[in-house]
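Chemist: Here it is: the structure, laid out below.
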Amino acid sequence: MLRAQSYEEAYHKLLKALKGYSHLFTSLKKVLVKPNLLSPKKPDEHVTTHPLVVKAVLEFLLALGVKPVVGDSPAVGNLERVARVSGIKDVCDELGVELVPFED
Numbered sequence: 731m732l733r734a735q736s737y738e739e740a741y742h743k744l745l746k747a748l749k750g751y752s753h754l755f756t757s758l759k760k761v762l763v764k765p766n767l768l769s770p771k772k773p774d775e776h777v778t779t780h781p782l783v784v785k786a787v788l789e790f791l792l793a794l795g796v797k798p799v800v801g802d803s804p805a806v807g808n809l810e811r812v813a814r815v816s817g818i819k820d821v822c823d824e825l826g827v828e829l830v831p832f833e834d
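What the sequence shown shows, in the working numbering, is residues 731 to 834, in sequence order.
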């Protein structure tokens with residue numbers, strides 16, 4: 731558990747903390763990142779995983795040469811809409827990471 735006063739601070743603390751786990755990922759080619767994308771809510775509503783947290787994890791994996799994929803199956807709405815409203819789609823687009831809906 732990391733304590734932070736802002737998501738920006740959490741982003742930097744998370745990147746620093748993840749470096750200690752690099753050895754667990756260096757042999758992998760692809761990793762599924764599964765944030766909590768429950769419903770189409772904006773980041774400041776605190777319903778979904780904050781986009782800066784997802785960005786930190788994706789940047790960590792990309793820096794190791796691992797291909798991350800973001801996937802989920804929201805309880806309300808489709809993945810594309812939930813990811814767009816929550817800010818996760820912008821992060822995926824910015825970093826060139828695929829967004830994959832889980833199928834039934």
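Using N, Cα and C, we set each Cβ at its ideal position, and we do this for glycine too.
Distance, Cα to Cα, residue 767 vs residue 782?
Modeler: 14 Å
Chemist: Got a sec? Which residues, its chain only, sit under 7 Å from residue 762 by beta carbon, not counting five neighbours each side?
Modeler: 799, 801
Chemist: Have a look at residue 775 and residue 769 and give me their C-alpha separation to the nearest angstrom.
Modeler: 11 Å
Chemist: Jot down the residue ranges of each uninterrupted alpha helix (DSSP H) in the region 737-789, minimum 4 residues, whole runs only, in chain order.
Modeler: Here the runs fully enclosed are 737-748.
Chemist: Going by alpha carbons, who is nearest to residue 792 out of 747, 826, 746?
Modeler: The shortest CA-to-CA distance from residue 792 to any of 747, 826, 746 is the one to 826.
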